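Student: Here the working numbering is used: the first residue of the sequence shown is 1053, the next is one more, and so on. Sharing a structure, written as structure tokens. Questions coming.
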Amino acid sequence: MTTAVAAAVAEAHRREWASVLSATVRVTRDLDLAEECVQEAYAQALTQWQTDGLPAKPGAWLTTVARRRGLDVVRREAAGRRLLPLLQVEQEGESDHETFPDDRLRLMFICCHPALTPDAQIALTLRLVCGLRTPEVARAFLVGEATMAARITRAKKKIAQARIPFKLPERDQLPQRLAAVLDVVHLVFTAGHTAAEGSDLVRRDLVERSLDLSRLLREMLPGDADVAGLLALILLTDARRETRVAGGKLVLLENQDRSRWDREAIAEGVTLVREALRRRPPARYALQAAIAAVHAEATRFEDTDWREVAALYGILATVWPSPVVTLNRAVALGMAHGADKGLVELDALAGDPQLAGYAYLPAARAEFLRRLGRYDDARVAYGEAAQLTGNDVERAHLERRLAELD
1053 MTTAVAAAVA EAHRREWASV LSATVRVTRD LDLAEECVQE AYAQALTQWQ TDGLPAKPGA
1113 WLTTVARRRG LDVVRREAAG RRLLPLLQVE QEGESDHETF PDDRLRLMFI CCHPALTPDA
1173 QIALTLRLVC GLRTPEVARA FLVGEATMAA RITRAKKKIA QARIPFKLPE RDQLPQRLAA
1233 VLDVVHLVFT AGHTAAEGSD LVRRDLVERS LDLSRLLREM LPGDADVAGL LALILLTDAR
1293 RETRVAGGKL VLLENQDRSR WDREAIAEGV TLVREALRRR PPARYALQAA IAAVHAEATR
1353 FEDTDWREVA ALYGILATVW PSPVVTLNRA VALGMAHGAD KGLVELDALA GDPQLAGYAY
1413 LPAARAEFLR RLGRYDDARV AYGEAAQLTG NDVERAHLER RLAELD
């Protein structure tokens, strides 16, 4: 197998997995079977593209192969189908295509079935529909890979054993599934904004996928404040994309060239934030987007209103309790009131088991320790953060900061 073929298959997996699986489910009406067929299509691509050459449209090729395989299995088992069907999608009518203009979005709403726990809905959708690998899903939930693999397996078994009838929800049933779908889109963006591992800081395919899905949700539910808040958050955060890396090196927020930030995206995001904040009390994504807006509207890093950022994180912690929110609030308090204050807040999180393997906690401590002149302690913290970081760009940045202390 040539390197070119392996790279093409890997790229097709990153960009096309969700669309190929969604299209295959429409044929098989069985989530497990569809996943098996798609996996076989990718395996076949490794050998067939070697002899036939790379197809002009890899996604279309993979979809054709996977759907054909699915149809063969369905025909063979037409009499009995599977004993434990995982997914049964009824034939959609004209209105279904209007409600769900995208196969990926349709399948996300199907997978976020209320019979599953919220964590199971999100983990299963991230893994099967969005194509994230189990380690990436585990990182999003701040748990170990083995724990997440078991969680996904249990979710699939529950679907099978309980014979949960998975079908497209009616439009009036969308709200009860929307929260999980929004969380999925946000976690896809998070996984793309800073890749868990590899030589690139950003996975553009995941960022663009999350932006596409959030815009589709906005078209479906134009008056929903949560949807507006999520789209605003993605726009405002991604507006800095082109300035986060220079010459292959990570550029901190304080050093980014703000003249190169996407002002059109920022303007759209700020408008959406104002719309989302009209709902009282403000919801999670509206608050996160408001924080992103504070950063986006500061003309210089020194102009950032860190007190407002800390206050918004305080409100967010009551709406969406999370150790990561608490960590970010601690950083904001340190920026607003001094490194010693930030360090006290961060040290209070040292015993949180969810943050035990989270690289940003020791990285934040290292920065405050550095500012306080505690260089030996900063060295230890930088080293710990570098060991916990899977992304090459982030690790190289931490190692440079560590070297600067020497």
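Even for Gly, the Cβ is constructed at its ideal location relative to N, Cα and C. Please read these numbers as outputs of a predicted model, since none were measured by experiment.
By how many angstroms is the C-alpha of L1176 removed from the C-alpha of A1292?
Tutor: Here residue 1292 refers to the residue found at position 240 when the sequence shown is read from its first residue. Here residue 1176 refers to the residue found at position 124 when the sequence shown is read from its first residue. Rather than Ala, the amino acid found at residue 1292 in this sequence is Arg. Looking at the two C-alpha atoms, the distance is approximately 30 Å.
Student: Per DSSP, what kind of secondary structure is E1144 in: helix, strand or coil?
Tutor: Sequence index remark: in the sequence shown, residue 1144 carries index 92 (1-based). Residue placement at E1144 cannot be trusted, given a pLDDT of 48 that sits under 50; the coordinates are not used to answer.
Student: Is the beta carbon of G1111 closer than 8 Å to that of C1089?
Tutor: Walking along the sequence shown from the start, residue 1089 turns up at place 37. Walking along the sequence shown from the start, residue 1111 turns up at place 59. Result no, Cβ atoms of C1089 and G1111 do not sit closer than 8 Å.
Student: Check K1209 in the structure and name its three-state DSSP category.
Tutor: Here the question's residue 1209 lines up with position 157 in the sequence shown. Three-state result, K1209: helix.
Student: Could you tell me which residues DSSP puts in a beta bridge with G1300?
Tutor: To locate residue 1300, count along the sequence shown from 1; it is residue 248. G1300 is not bridged to any residue.
Student: Please report how far the alpha carbon of R1296 lies from the alpha carbon of I1343, in whole angstroms.
Tutor: Residue mapping note: residue 1296 aligns to position 244 of the sequence shown, counting from 1. Residue mapping note: residue 1343 aligns to position 291 of the sequence shown, counting from 1. C-alpha separation (whole angstroms): 18 Å.
Student: Taking its Cβ as the centre, do 16 or more other Cβ atoms sit within 10 Å of G1321, making it buried, or is it exposed?
Tutor: What you label residue 1321 is simply residue 269 of the sequence shown in a count that begins at 1. Buried.
Student: What did DSSP end up calling E1196 once you bin it into helix, strand or coil?
Tutor: Within the sequence shown, numbered from 1, the residue matching residue 1196 stands at position 144. The question names Glu, but residue 1196 in the sequence shown is Gly. Residue state, collapsed to three classes: coil.
Student: Provide the residue(s) that pair with N1307 in DSSP beta bridges, ordered along the chain.
Tutor: Start at 1 with the first residue of the sequence shown, and residue 1307 comes out as number 255. DSSP output for N1307 lists no bridge partner at all.
Student: Excluding sequence positions up to five away, which residues of its chain have a Cβ less than 8 Å from the Cβ of A1058?
Tutor: Along the sequence shown, read from residue 1 onward, the residue named residue 1058 stands at position 6. Cβ within range, chain order: L1098.
Student: So the candidates are R1332, W1101, E1087 and L1450; which of them puts its Cα closest to the Cα of A1118?
Tutor: As a working note, residue 1118 is residue 66 in the sequence shown. Looking at the Cα atoms, E1087 is the closest of the given residues.
Student: Taking the alpha helix (DSSP H) that K1393 belongs to, which residues open and close that run?
Tutor: On the sequence shown, residue 1393 is found 341 positions in, with the first residue counted as 1. Looking at the DSSP string, the run of the alpha helix (DSSP H) that includes K1393 is A1391 to D1399.
Student: In this structure, does DSSP put G1409 in helix, strand or coil?
Tutor: Counting from one through the sequence shown, the residue named residue 1409 turns up at place 357. Here G1409 sits in coil by DSSP.
Student: So is E1419 buried or exposed if we call it buried at 16+ other beta carbons inside 10 Å?
Tutor: Start at 1 with the first residue of the sequence shown, and residue 1419 comes out as number 367. That one is buried.
Student: Does DSSP classify G1250 as helix, strand or coil?
Tutor: For this step, residue 1250 is matched to residue 198 along the sequence shown. Strand.
Student: Touching or not, the region 1277 to 1284 and the region 1306 to 1315, by the rule of three or more beta carbon pairs under 8 Å?
Tutor: The region 1277 to 1284 is not in contact with the region 1306 to 1315.
Student: Please check the pair R1331 and A1277, which I expect to be a contact at CB under 8 Å, by giving their CB distance rounded to whole angstroms.
Tutor: Counted from its first residue, the sequence shown places residue 1331 at position 279. Counted from its first residue, the sequence shown places residue 1277 at position 225. At roughly 4 Å, the Cβ-Cβ gap stays under 8 Å, so R1331 and A1277 are in contact.
Student: Hey, would you say G1275 sits closer than 8 Å to S1262, going by beta carbons?
Tutor: Translated into positions along the sequence shown, residue 1275 becomes position 223. Translated into positions along the sequence shown, residue 1262 becomes position 210. It is not a contact, given that the beta carbons lie outside the stated cut-off.
Student: Counting only the same chain and skipping the five closest in sequence on each side, list residues whose C-beta sits under 8 Å from that of T1186.
Tutor: Taking the first residue of the sequence shown as 1, we reach residue 1186 at position 134. For T1186, where only same-chain residues beyond five positions count, the Cβ hits under 8 Å are R1179, E1197, M1200, A1201 and I1204.
Student: Hey, quick one: how far does the alpha helix (DSSP H) through Q1096 stretch, first residue to last?
Tutor: Against the sequence shown, residue 1096 aligns to sequence position 44. L1083 to D1104 is the span of the alpha helix (DSSP H), which, as asked, contains Q1096.
Student: Does K1208 pass the burial test, meaning 16 or more other C-beta atoms within 10 Å, or should it be called exposed?
Tutor: Translated into positions along the sequence shown, residue 1208 becomes position 156. Classification for K1208: buried.
Student: Between the Cα of L1450 and those of G1435, G1390 and D1084, spot the shortest distance and give me the residue it belongs to.
Tutor: Working through the sequence shown from its first residue, we reach residue 1450 at position 398. When each option's Cα is compared against that of L1450, the closest is G1435.
Student: Relative to the alpha-carbon of L1268, which residue among H1389, R1067 and D1154 has its alpha-carbon at the smallest distance?
Tutor: The residue given as residue 1268 occupies position 216 in the sequence shown. Nearest C-alpha to L1268: D1154.
Student: Consider the C-beta atom of P1375 and the heavy atoms of the ligand COA; say whether any pair is separated by less than 7 Å.
Tutor: Among the ligands in the structure shown, none appear at all, so the ligand COA cannot be discussed.
Student: Is it true that the region 1220 to 1236 meets the region 1250 to 1258, where meeting means three or more beta-carbon pairs spaced less than 8 Å apart?
Tutor: Result no; under three Cβ-Cβ pairs closer than 8 Å.
Student: Alpha carbon to alpha carbon, how far is V1236 from E1063?
Tutor: Along the sequence shown, one-based indexing puts residue 1236 at 184. Along the sequence shown, one-based indexing puts residue 1063 at 11. Going by the C-alpha atoms only, they are around 21 Å apart.
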